[in-house]
Amino acid sequence: MTIKRGARVPDWSVFLLVALFASGCYLNSLHGEFVHDDLVAIVGNPDVVGRNPLVALFENDFWGRPMAHPASHKSYRPLTVLTFRLNWSLSGGVFSFHATNVALHSVAVILLLYFCREMLAWRRDASLVAALMFAAHPVHTEAVSNIVGRADVLCCVLYLFALIACSKNSLGWQAMSLVCACLALFTKEQGITVLGVCLVYHLLLLIEKNTLGSHSVEEDGACDCKHRRSLDNVTNFHIFGRIAVSFCVACALCYLRMCVINGPLPQFSEHDNPAAFAKSWTTRFLTYLYLPAFNLWLLLWPNTLSYDWQTSSIPLVESPWEVRNVATLAYLLGLLALAVTSIRQQGMERRRVVLSLSLMVFSFLPASNLLVTVGFVVAERVLYIPSLGFCLLVSHGLQRLMQRGPVIASMCRAGALLLIVFFVLKTMARNNVWSSREALVRSGLESVPHNAKAHYNYANYKKDVGDKFLAIEHYRIALRLWPNYYTAHNNLGTLLEDGEDHFRKAIAINPYYAKAHYNLASLYMKRGKADVAESYFLRAIQLDPEFVPAISSLASLYAGEAGRLQDAERLYVWAIHLDPEDADVLNNYGFFLETHGRSSEAMTQYERAMNVQPNHTVAIINAARSLRTPEHSRRAEELYKRALSIEEDPQVMDNLGMLYLMSGRHQEGRALYQYLLRNYPDRNETKLHYAQLLIQERSFDQAERLLLSVSDSPIARESYLHLATLYNRTNRTAEVS
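According to the UniProt record's numbering, the sequence shown is numbered sequentially starting from 1.
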């Protein structure tokens, strides 16, 4: 493959090369699971899974909450959510989500290559270095391998489209640039900064046009004829018009975005962004200045990466004498030096540096805490677009070094190759980290062991998989690292026999934390203190009127009190209205209805619960119990077997055995009870029920042995009643007395 010297646009084979390379870097991400924020933004988002009408995704935030809701994060990204919904509608499988992310990443790399050749007039080698470095950079794994990172990748695609379009002279292309900028904004908030980069480009164009006569020779000594012709085809009036229109559109979009917020700005907690809660303005100022330098270090040397940088990951910069301020100073001086150097340069050299700097700085501003307070300390995904400028600057620097002689040029080529190989290997390793929840939370402990959030997330995982010991240990480590971690107090309390102290600490730290009130209420409910439990349930509902578990639990509390049945049913209906796909609430309401003789209505609720969650064994078993009548015995049998196919439970098997007994199907019942006795020999209920079946089969001796074996157990009274029946049927009346 050869490209003629001076060609401005690479042929299709170069585009294909970078696309395949970009896709290859993420091949091992295609079979990853839904992890981390995916579970909330996709799996649990009614706008994505189709529970809400399509129009709702234009009214709700990225996480599926109405923008006006007090708990909304105000992240309005309807176009990204729309792509998620399309993925879900087409397949629902995680593979299509990952494949879409990888495809979009490849498109972004192709557009960057085109940007380098078309707008920066770079030769093939410089363009390829920038494109390949961007394609393989490990800091991008959170944006590409983590599905919710699509907001950043899709925004980047539109960002580059807008920039490329703004470099064209026709009115149609200029309009397309503004449309892409608008779409980028509604993909992710930082998309609006592309208009700032476009303004910089137009200003550069104005300067280049008015200095063209004396600076028309490129670094390779060839006249950039295409660049010159493009400047000849545009007047100063046209450029000023573009600047004015871009500025007006940017102002209009900012106003529109503020209107969409529909309420106050989001409120974040201290562990989300500790610097925002620092009492000293000096600490806030120094920390906010240091964080961009830290982000730049992640781009320069992405060896230590983490899925979470919250809480204590990055200690606050509390003194001007801290050594980390040296990094801040170096970062600021470096930016200043680049800016001054670019101003002193001429023609395309100036354009390359200024556009690269603008891409890196402008796109990072929304995440810098300098404009608005954000809900994170560092987030690798937000570096996806700023890294465009970083990769361009690195490639530009390499090209300048290569002009200093063949030896240095060879060293630069070898260094670039080694760097890209390192990036590829690191990226593939990070893809494995994002492949499952276990791998992800474990990686946090390795990357940032001093991060309280990493220990908290690992404890949550261990809690969910039933490893109570490790969960408690890591909740305690999280609290040792961050004593005011109220959610860790709350979750730890749920694992302890008496978690009251931790629930109260969580409430003391955050009196508005509804879950701690709910858990404290549940604790008092177990203790039989209904009045105290009721007050905490009501407080939890007051704090979060859509807290379905609290509403359902209060309904269960009222269901056990005389005179509160109507209140209980009203609460159940309200909870189901709030979340019609909460299988637990549907099951609880069904049990309430069955308890009060409304079996037909109860069965309807059980069926709804099973439709929502086919493996909800409690609802399946409750439905089977409600059908234990001769005319419904076959359906009850199917349900019991369905529950057993999910999980073998001796109690469910015992219930099925009793169904066989009541239906006169002794042979099936006998086989089932014999299996139970072999595998669960200590179950007294099984022995009692098997004895009942044996009595009906007139196997009196075996039945008597089973009944006598449980005569000293808690079910002794029932065993004696059945022994009496057995003795009567065998004419042993003396033993009955």
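All C-beta atoms, glycine included, are put in the ideal place defined by N, C-alpha and C.
Next item on the list: Decide yes or no for the touch test of the region 712 to 725 against the region 674 to 692: beta carbon pairs closer than 8 Å, at least 3 of them.
Entry: yes
Item checked: Cβ neighbour criterion (16 or more within 10 Å) applied to residue 541 -> By one-based count along the sequence shown, residue 541 stands at place 541. Its Cβ being crowded by 16 or more others within 10 Å, residue 541 is buried.
Next item on the list: Return the chain-ordered list of same chain residues with a C-beta closer than 6 Å to the C-beta of residue 148, the five sequence neighbours on each side being excluded.
Entry: Working through the sequence shown from its first residue, we reach residue 148 at position 148. Once the five neighbours on either side are set aside, the close Cβ partners of residue 148 are 37, 38, 41.
Next item on the list: With a cut-off of 8 Å on the beta carbons, I'd call residue 548 and residue 585 a contact; round off their distance for me.
Entry: Position 548 of the sequence shown holds residue 548. Position 585 of the sequence shown holds residue 585. Residue 548 to residue 585, Cβ: 6 Å. Contact.
Margin query: Please report the straight-line C-alpha distance between residue 99 and residue 27, rounded to a whole angstrom.
Written below: For the purposes of this step, residue 99 is taken as the residue at position 99 of the sequence shown. For the purposes of this step, residue 27 is taken as the residue at position 27 of the sequence shown. Going by the C-alpha atoms only, they are around 9 Å apart.
Notebook entry, point to check: Along the chain, which unbroken stretches of the alpha helix (DSSP H) at least 4 residues long are found entirely within the region 70 to 133?
Noted result: 78 to 90, 94 to 118
Item checked: Helix, strand or coil at residue 684 [DSSP, three-state] -> Reading the sequence shown from its first residue, position 684 is the one you call residue 684. Of the three classes helix, strand and coil, the one that applies to residue 684 here is helix, per DSSP.
Check: Helix, strand or coil for residue 52 per DSSP?
Finding: Here residue 52 is taken as the residue at index 52 of the sequence shown, counted from 1. In this structure, residue 52 counts as coil in the three-state DSSP scheme.
Notebook entry, point to check: What does residue 622 pair with, by DSSP beta-bridge criteria?
Noted result: Against the sequence shown, residue 622 aligns to sequence position 622. Paired residues: none, contrary to the question.
Margin query: So, for residue 620: in the same chain, excluding its five sequence neighbours on each side, which residues have a beta-carbon less than 7 Å away from its beta-carbon?
Written below: Here residue 620 refers to the residue found at position 620 when the sequence shown is read from its first residue. Closer than 7 Å at the Cβ level, and outside the excluded window around residue 620, lie 610, 639, 642, 643.
Margin query: So, under 8 Å CB-CB, residue 450 and residue 312 are touching, yes? Tell me the CB distance rounded to an integer number of Å.
Written below: If you number the sequence shown from 1, residue 450 lands on position 450. If you number the sequence shown from 1, residue 312 lands on position 312. The Cβ separation is near 6 Å, so the contact holds.
Item checked: Continuous alpha helix (DSSP H) assignments of at least 4 residues falling wholly in the region 518 to 563 -> 530 to 543, 548 to 559
Item checked: Integer-rounded CB distance, given that residue 120 should sit under 8 Å from residue 352 -> Mapped onto the sequence shown, residue 352 falls at position 352. Mapped onto the sequence shown, residue 120 falls at position 120. Rounded, the Cβ-Cβ distance is 5 Å, consistent with contact.
Item checked: Three-state secondary structure assigned by DSSP to residue 655 -> Numbered from its first residue, the sequence shown carries residue 655 at position 655. It is helical.
Notebook entry, point to check: In the DSSP assignment, what are the bridge partners of residue 60?
Noted result: Translated into the one-based positions of the sequence shown, residue 60 becomes position 60. Per DSSP, 66.
Note to self: Please report the straight-line C-alpha distance between residue 582 and residue 552, rounded to a whole angstrom.
What the structure shows: Taking the first residue of the sequence shown as 1, we reach residue 582 at position 582. Taking the first residue of the sequence shown as 1, we reach residue 552 at position 552. In a straight line, the C-alpha of residue 582 is about 10 Å away from that of residue 552.
Check: Taking the alpha helix (DSSP H) that residue 507 falls in, what are its first and last residues?
Finding: Counted from its first residue, the sequence shown places residue 507 at position 507. From DSSP, the alpha helix (DSSP H) with residue 507 extends over 500 to 509.
Check: Is residue 137 helix, strand or coil by DSSP?
Finding: The residue given as residue 137 occupies position 137 in the sequence shown. Coil at residue 137, not helix or strand.
Item checked: Buried or exposed (CB count within 10 angstroms, at least 16 for buried), residue 31 -> Numbered from its first residue, the sequence shown carries residue 31 at position 31. Under this definition residue 31 is an exposed residue.
Margin query: Which of the three DSSP states is assigned to residue 33 in this structure?
Written below: For this step, residue 33 is matched to residue 33 along the sequence shown. Coil at residue 33, not helix or strand.
Next item on the list: In angstroms with no decimal places, state the Cα-to-Cα distance between residue 464 and residue 48.
Entry: To locate residue 464, count along the sequence shown from 1; it is residue 464. To locate residue 48, count along the sequence shown from 1; it is residue 48. Going from the Cα of residue 464 to the Cα of residue 48 covers about 25 Å.
Note to self: Just to confirm my understanding: we take residue 103, look at its own chain, exclude 5 residues before and 5 after, and list those with CB closer than 8 Å. What are they?
What the structure shows: Counting from one through the sequence shown, the residue named residue 103 turns up at place 103. Excluding residues within five positions, the ones whose Cβ falls inside 8 Å are 23.
Margin query: Tell me the rounded alpha-carbon separation between residue 349 and residue 361.
Written below: The residue labelled residue 349 in the question sits at position 349 within the sequence shown. The residue labelled residue 361 in the question sits at position 361 within the sequence shown. Rounded to whole angstroms, residue 349 to residue 361 spans 18 Å at the Cα level.
Note to self: Can you find the residues in the same chain that come closer than 8 Å, C-beta to C-beta, to residue 67, ignoring five residues on each side of it along the sequence?
What the structure shows: Walking along the sequence shown from the start, residue 67 turns up at place 67. Same-chain partners within the cutoff: 59, 60, 61, 74, 76, 260, 261, 262, 263.
Notebook entry, point to check: Can we say the region 327 to 334 touches the region 165 to 177, given the rule of at least three CB pairs closer than 8 Å?
Noted result: no
Item checked: alpha helix (DSSP H) runs contained entirely in the region 436 to 514, provided each spans 4 or more residues -> 437 to 447, 452 to 464, 468 to 481, 486 to 495, 500 to 509
Checklist line | Integer-rounded CB distance, given that residue 436 should sit under 8 Å from residue 35 | finding: Within the sequence shown, residue 35 is the residue found at index 35, counting from 1. Within the sequence shown, residue 436 is the residue found at index 436, counting from 1. Between residue 436 and residue 35 the Cβ distance is about 7 Å, and since that is below 8 Å, they are a contact.
Margin query: Please return the same chain residues whose Cβ sits closer than 6 Å to the Cβ of residue 503, not counting the five positions on each side in sequence.
Written below: Position 503 of the sequence shown holds residue 503. If we look at residue 503 and ignore the five residues flanking it on each side, its Cβ neighbours are 493, 516, 519, 520.
Next item on the list: Consult DSSP for residue 23 and reduce its assignment to one of helix, strand or coil.
Entry: One-based indexing of the sequence shown puts residue 23 at position 23. Note: residue 23 maps to helix in three-state DSSP.
Check: Using CA coordinates, which residue listed in 422, 398, 286 is at the minimum distance from residue 369?
Finding: As a first step, residue 369 is located in the sequence shown; it is residue number 369 there, counting from the start. If we check each option's Cα against that of residue 369, 286 comes out closest.
Notebook entry, point to check: residue 692 CB to nearest chain B CB: under 8 Å?
Noted result: Absent from the structure: chain B. Only one protein chain is present.
Check: Near residue 501, which residues of its chain fall below 6 Å by C-beta distance, leaving aside the five closest residues on each side in sequence?
Finding: As a working note, residue 501 is residue 501 in the sequence shown. So the list is empty, once near-sequence residues are dropped.
Check: How should residue 222 be labelled, buried or exposed, when 16 other C-beta atoms within 10 angstroms of its C-beta is the threshold for buried?
Finding: Here the question's residue 222 lines up with position 222 in the sequence shown. With a pLDDT of 41 at residue 222, under the threshold of 50, the modelled position of this residue cannot be trusted; read the value that follows with caution. Label assigned to residue 222: exposed.
Check: In angstroms, rounded to a whole number, what distance separates the CA positions of residue 630 and residue 612?
Finding: If you number the sequence shown from 1, residue 630 lands on position 630. If you number the sequence shown from 1, residue 612 lands on position 612. Looking at the two C-alpha atoms, the distance is approximately 28 Å.
Checklist line | Selected residue, minimal CA-CA separation from residue 170, among 319, 438, 242 | finding: By 1-based counting over the sequence shown, the position of residue 170 is 170. Checking every option, the nearest Cα to that of residue 170 belongs to 242.
Checklist line | residue 468 burial status per 10 Å Cβ neighbour count (16 or more: buried) | finding: Position 468 of the sequence shown, counting from 1, holds the residue named residue 468. The residue in question, residue 468, is exposed, as its Cβ has fewer than 16 Cβ neighbours within 10 Å.
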